[in-house]
Structures are given as C-alpha cells and as structure tokens.
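Engineer: Protein chains in written order, with the working numbering: chain P, 1 to 141; chain H, 142 to 317.
Yeah, the Cβ is synthetic: ideal placement off N, Cα and C, and Gly gets one too.
Values in this document were obtained by computation on a predicted structure and should not be read as measured data.
Got a structure here, written out as structure tokens. Questions coming.
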Amino acid sequence: MRVLVLLLAFLSVPVFAQQTMPPAPYAYTQLDDPALEAEATALMETLRCLTCQSQSIADSDAPMAGDMRHQVRARLVAGESPTEIRAWLTRRYGDYVSYQPEVSATTWPLFAIPLALLAIVALVLLRRLGKRRSDAASGAD
Amino acid sequence: MNRLIYIAPLALFAFFAGLAGYMLTQDKDQAIPSQMVEQPLPDFALPPATDGIPGASRKDFVGGEPRLLNIWASWCLPCIAEAPQLEALRDEGVEIIGIAVRDEPENVADFLARYGNPYTRIGADNISELMIEIGASGVPETYVIDADGNIRYQHIGDIRADTIPVLLEQLERARS
Chain P
1 MRVLVLLLAF
11 LSVPVFAQQT
21 MPPAPYAYTQ
31 LDDPALEAEA
41 TALMETLRCL
51 TCQSQSIADS
61 DAPMAGDMRH
71 QVRARLVAGE
81 SPTEIRAWLT
91 RRYGDYVSYQ
101 PEVSATTWPL
111 FAIPLALLAI
121 VALVLLRRLG
131 KRRSDAASGA
141 D
Chain H
142 MNRLIYIAPL
152 ALFAFFAGLA
162 GYMLTQDKDQ
172 AIPSQMVEQP
182 LPDFALPPAT
192 DGIPGASRKD
202 FVGGEPRLLN
212 IWASWCLPCI
222 AEAPQLEALR
232 DEGVEIIGIA
242 VRDEPENVAD
252 FLARYGNPYT
262 RIGADNISEL
272 MIEIGASGVP
282 ETYVIDADGN
292 IRYQHIGDIR
302 ADTIPVLLEQ
312 LERARS
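Listed below in structure tokens is the structure:
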C-alpha cells in the first residue's frame with residue numbers, strides 16, 4: 001500500500017511540468033496601492049478563467065488565469081480603467097470571458113422573465129384578494 | 142381525470158431527469174472562438190524560444206505569402222500529435238512561425254530534436270501575452286495570417302491529417 005501511494009505521488013509530477021516556468025510578475029503578487037489592488041480584485045472576480053471555465057481568474061490556480069491576472073494588474077498600473085480592461089478582453093474572447101451576467105441582446109430574457117412572472121403573480125394575488133374582500137363586504141350587507 | 146393530476150409531478154420529474162441524462166451524453170463544445178479573426182494581428186515582439194532559431198514579431202508576418210502562426214508548447218501532448226502534420230504543411234511550402242507558450246529553452250530544443258522543426262521562427266511567450274492578445278484560450282491553436290498582417294482564420298486544437306486541406310484552402314483564400 002505504502003509503495004503504491006509513493007508511486008502515485010511520483011506519477012503526478014508531470015502534471016506540474018507546465019508550471020516549471022516562473023509565474024508572471026503580477027500573477028500572485030498584489031499591487032502596492034491598496035485602492036488599485038481592490039479595483040483589480042473586483043475586476044478579476046468578474047472575469048472567467050478560459051482553461052477552467054467555471055471559475056473566475058481570481059479563484060483559479062491555472063497558469064493561464066495567473067497570466068490574465070498579470071494583464072489586469074499591469075494594465076491598471078499603466079493607468080487603464082477596469083471598464084477598458086474588461087472591454088479589451090471582451091474584444092478578444094467575446095461575452096464568454098465575462099463571469100458576471102450582463103444584459104445584452106441574447107441574455108435579456110434571463111432578466112425579464114422573472115420580473116414578468118412576479119408581475120403576473122402580483123396581479124393574480126391582487127385580483128383574488130380584491131375579490132375576497134368585495135365578497136366579504138357584500139356578505140356583511 | 143383526477144388520477145392523472147396525481148401523476149403529473151412524477152411525469153414532470155421523469156421529463157427533467159431524462160433531459161439531464163440526455164444532455165450528459167451530448168458532447169459539449171469547449172472551444173472559445175477568438176473574436177480577433179478578420180482583425181489585424183496585434184503588435185508584438187517576442188525573444189527567441191531557444192538557441193539557433195530567431196524570435197518572432199508582427200513584422201515577420203508582413204509581406205510575401207500568407208503564413209501560419211502556430212501556438213504550441215513542449216509540455217502540450219496534442220502538440221506531439223500535431224508535429225508531423227506541421228511538417229507536412231511546411232513541405233507544401235507554407236511558412237510556419239511558432240509561439241512557444243510558458244516554455245523552457247532546453248525543453249523547446251528537446252521537443253524539436255525529437256519531433257522535428259517545421260518553424261522558421263519561434264517566439265517565447267513566457268506569460269501568455271500574445272496568447273491573450275490574439276484571443277487564444279489554449280494550446281495548440283493555429284492562425285492563418287495574410288501578407289498584410291491580418292488574422293484570417295483560427296483553428297482550435299491539434300492539426301490532423303484532415304485539417305491540412307482546410308488550412309491550405311484558407312491560406313489560398315488569404316492571398317486575396
């Protein structure tokens with residue numbers, strides 16, 4: 001058993017092969033300016049990691065996510081705004097890179113349908129309650 | 142009629158369970174197409190990835206014939222499968238410029254010695270700069286770049302024998 005565990009431990013080594021390169025300067029290093037770093041974190045939480053796809057680049061440990069975090073921090077330091085950086089990435093990867101749902105030509109029903117359902121429920125409730133009240137009023141007569 | 146109403150929730154559940162089961166068997170397309178196709182290749186200049194082969198920059202794509210830009214890495218397994226197909230393309234007279242992603246010079250040299258070198262130039266993209274600039278989300282990816290330096294076509298994943306005619310046709314189309 002121990003031998004097997006030991007063997008398995010060595011088997012996993014090639015997985016780390018692509019991480020022998022040092023990470024990009026800003027991949028794991030926070031910015032010195034806390035306000036700028038807060039902006040970077042907020043932006044990174046809304047950007048999708050392209051290799052893991054179900055994580056934001058702030059959450060992912062994939063090398064590509066580290067390289068994307070470097071781009072975000074380096075561009076903020078260079079004076080770009082979070083909106084500009086987000087737009088720069090969207091120009092390359094499309095809406096897919098956004099990890100924050102946004103209202104657009106294809107996604108508006110996602111936002112509109114719940115509101116419409118709530119409106120219908122409110123309408124039905126109002127009519128029913130209104131009817132009961134008028135029934136009660138006419139019963140009292 | 143009343144009995145049927147009692148079955149309705151179960152039927153609804155069976156429908157959704159069936160739908161979920163069916164979707165699990167369907168292939169999900171994981172590829173993220175680059176929005177940079179039909180856009181100019183962004184400006185870049187990358188140092189050589191290993192000794193003896195020059196690095197790559199945007200100006201290497203301008204003038205002459207359309208070229209292939211191949212994003213690869215020595216640590217990438219599909220790139221090994223792709224290597225003979227790239228050599229076949231080079232033998233067709235296509236210039237292929239490589240971009241080695243997050244790669245050590247000695248590993249690049251080792252890969253080329255083992256699987257052949259179809260490249261005229263290889264730039265070292267150590268922090269995925271160019272990858273992100275051109276909207277690539279993985280390795281390998283191959284782009285057709287026309288002689289004006291515009292991105293004309295993107296192939297995601299390894300090049301197989303049946304991809305070669307597609308790439309040759311796209312290279313031909315990139316001449317106009």
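Going by beta-carbon coordinates alone, are H/GLN295 and H/VAL203 separated by less than 8 Å?
Structural biologist: The residue given as residue 295 of chain H occupies position 154 in the second sequence. The residue given as residue 203 of chain H occupies position 62 in the second sequence. No, these two residues do not count as a Cβ contact at 8 Å.
Engineer: Candidates P/GLY79, P/TYR96, P/THR106, P/TRP108: which alpha carbon is nearest P/THR46's?
Structural biologist: Taking the first sequence and counting its residues from 1, one reaches residue 46 of chain P at position 46. Checked all of P/GLY79, P/TYR96, P/THR106, P/TRP108; the closest Cα to P/THR46 is P/TYR96.
Engineer: Can you tell which of P/SER98, P/ALA136, P/TYR26 has its C-alpha closest to the C-alpha of P/GLY66?
Structural biologist: For this step, residue 66 of chain P is matched to residue 66 along the first sequence. Comparing Cα-Cα distances from P/GLY66 to each of P/SER98, P/ALA136, P/TYR26, the minimum goes to P/TYR26.
Engineer: Comparing C-alpha positions only, which one of H/ILE273, H/ARG314, H/LEU145, H/THR283 sits nearest to P/LEU89?
Structural biologist: Along the first sequence, read from residue 1 onward, the residue named residue 89 of chain P stands at position 89. For the residues H/ILE273, H/ARG314, H/LEU145, H/THR283, the minimum Cα distance to P/LEU89 belongs to H/ILE273.
Engineer: Report back the beta-carbon spacing between H/LEU249 and H/ILE263 to the nearest angstrom; my notes put them in contact at under 8 Å.
Structural biologist: For this step, residue 249 of chain H is matched to residue 108 along the second sequence. For this step, residue 263 of chain H is matched to residue 122 along the second sequence. Per the sequence shown, residue 249 of chain H should be read as Val rather than Leu. H/VAL249 to H/ILE263, Cβ: 7 Å. Contact.
Engineer: Of all the alpha helix (DSSP H) runs that stay within the bounds of the region 229-266 of chain H, which reach a length of 4 or more residues?
Structural biologist: 246-256
Engineer: Against chain H, with Cβ distances strictly below 8 Å, would P/VAL13 count as a contact?
Structural biologist: As a working note, residue 13 of chain P is residue 13 in the first sequence. Only weak support exists for where P/VAL13 lies, its pLDDT of 46 falling under 50; the coordinates are left without a value.
Engineer: Does chain P have any CB closer than 8 Å to the CB of H/SER198?
Structural biologist: Locating residue 198 of chain H in the second sequence gives position 57, counting from the first residue. For H/SER198, the answer is no, since every Cβ of chain P falls outside 8 Å of its Cβ.
Engineer: Could you give the first and the last residue of the continuous alpha helix (DSSP H) run that contains P/THR83?
Structural biologist: Taking the first residue of the first sequence as position 1, residue 83 of chain P is located at position 83. 82-93 is the span of the alpha helix (DSSP H), which, as asked, contains P/THR83.
Engineer: Where do the N-terminal and C-terminal ends of the beta strand (DSSP E) with H/GLN180 fall, by residue?
Structural biologist: In the second sequence, counting from the first residue as 1, residue 180 of chain H sits at position 39. Looking at the DSSP string, H/GLN180 is not in any beta strand (DSSP E), and its letter there is neither H nor E.
Engineer: Name the chain P residues whose beta carbon is nearer than 7 Å to that of H/MET177?
Structural biologist: Your numbering for residue 177 of chain H matches position 36 in the second sequence. Neighbours of H/MET177 on chain P, chain order: ARG92.
Engineer: Below 8 Å on the Cβ atoms is my guess for H/CYS220 versus H/ASP299; work out the distance and round it to an integer in Å.
Structural biologist: For the purposes of this step, residue 220 of chain H is taken as residue 79 along the second sequence, with counting starting at 1. For the purposes of this step, residue 299 of chain H is taken as residue 158 along the second sequence, with counting starting at 1. So it is a contact: roughly 7 Å between Cβ atoms.
Engineer: Which partner residues of H/ARG208 appear in the DSSP bridge assignment?
Structural biologist: Here residue 208 of chain H refers to the residue found at position 67 of the second sequence. The partner list for H/ARG208 (beta bridge, DSSP) reads H/ILE286.
Engineer: Nearest chain P C-beta to H/SER317 closer than 8 Å, yes or no?
Structural biologist: If you number the second sequence from 1, residue 317 of chain H lands on position 176. Chain P, which has no Cβ nearer than 8 Å to the Cβ of H/SER317, makes this no.
Engineer: Since H/PRO188 contacts H/ALA241 with CB under 8 Å, what's their CB separation in whole angstroms?
Structural biologist: Your numbering for residue 188 of chain H matches position 47 in the second sequence. Your numbering for residue 241 of chain H matches position 100 in the second sequence. About 11 Å separates the CB atoms of H/PRO188 and H/ALA241; that is not less than 8 Å, and the two are not in contact.
Engineer: Does any CB atom of chain H fall closer than 8 Å to the CB of P/LEU110?
Structural biologist: By 1-based counting over the first sequence, the position of residue 110 of chain P is 110. Cβ-Cβ to chain H under 8 Å: no for P/LEU110.
Engineer: What alpha helix (DSSP H) runs, 4 residues minimum, are completely inside the region 145-192 of chain H?
Structural biologist: The DSSP assignment places no complete alpha helix (DSSP H) segment of no fewer than 4 residues inside the region 145-192 of chain H.
Engineer: Mind checking P/GLU84: buried by the 16 CB within 10 Å criterion, or exposed?
Structural biologist: As a working mapping, residue 84 of chain P is identified with position 84 in the first sequence. Per the 10 Å Cβ criterion, exposed.
Engineer: Looking only at DSSP bridge pairs, what is H/ASN291 linked to?
Structural biologist: In the second sequence, the residue the question calls residue 291 of chain H occupies position 150. Answer is H/PRO181.
Engineer: Scan the region 269-281 of chain H for residues whose Cβ lies nearer than 8 Å to a Cβ of chain P and list them as they occur along the chain.
Structural biologist: SER269, GLU270, MET272, ILE273, GLU274, ILE275, GLY276, SER278, GLY279
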